[in-house]
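When you number the sequence shown by numbering that gives the first Met the number 0, it's gap-free, plus one each residue, and the end is 89.
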Amino acid sequence: MYFVIANVNDGGTSAAAPAVGAPDLPAARISVIVIGYDDARHIEAAVRSALAQGPVVAEVVAVDDASTDGTGAVLDRLAATEPRLRVVHR
């Protein structure tokens, strides 16, 4: 299983701490990509962990890499109730 994190802020930049007197910047928002192959036993916990990181996570994209063990079905079931989860089947 792999995790990829991408910053989805408009403008593409963010600072760890704004300079004194700097305008307020929007809070960072990220996309988390979870890639799994035949990982039905662990994929739900991985996706729920990513989603549990709070509002900083704009979306979780879960990729089922042509699994044969039901990983895709687990992801589809989760996506039916979680609007921040997008599933890609390969």
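We treat Cβ as the ideally placed atom computed from N, Cα and C, and that holds for glycine.
Nearest by alpha-carbon distance to residue i: which of the options is it?
i, options, result
"THR67", "SER48, ARG89 and ILE29", "ARG89"
"GLY35", "ARG76, ALA45 and ALA27", "ALA45"
"ASP37", "VAL31, ARG47 and ALA65", "ALA65"
"VAL31", "ARG47, HIS41 and PRO25", "ARG47"
Going along the chain, which residues of its own chain have a beta-carbon closer than 8 angstroms to the beta-carbon of residue i, five neighbours each way excluded?
i, result
"ARG83", "LEU50, VAL56, ALA57, GLU58 and VAL59"
"ALA78", "ALA61, LEU84, ARG85 and VAL86"
"ARG76", "none"
Quick check on residue i: does DSSP put it in helix, strand or coil?
i, result
"ALA61", "strand"
"GLY71", "helix"
"VAL46", "helix"
"ARG40", "helix"
What is the C-beta distance between residue i and residue j, in whole angstroms, given that I count them as a contact (C-beta under 8 angstroms)?
i, j, result
"ASP63", "GLY71", "4 angstroms"
CB-CB under 6 angstroms to residue i, same chain, minus the five flanking residues each way: which ones, in chain order?
i, result
"ALA39", "ASP68, GLY69, THR70 and VAL73"
"ILE42", "GLY35, THR70 and VAL73"
Can you give me the Cβ contacts of residue i inside the same chain, cut-off strictly under 7 angstroms, excluding the 5 residues immediately before and after it?
i, result
"GLU81", "LEU50"
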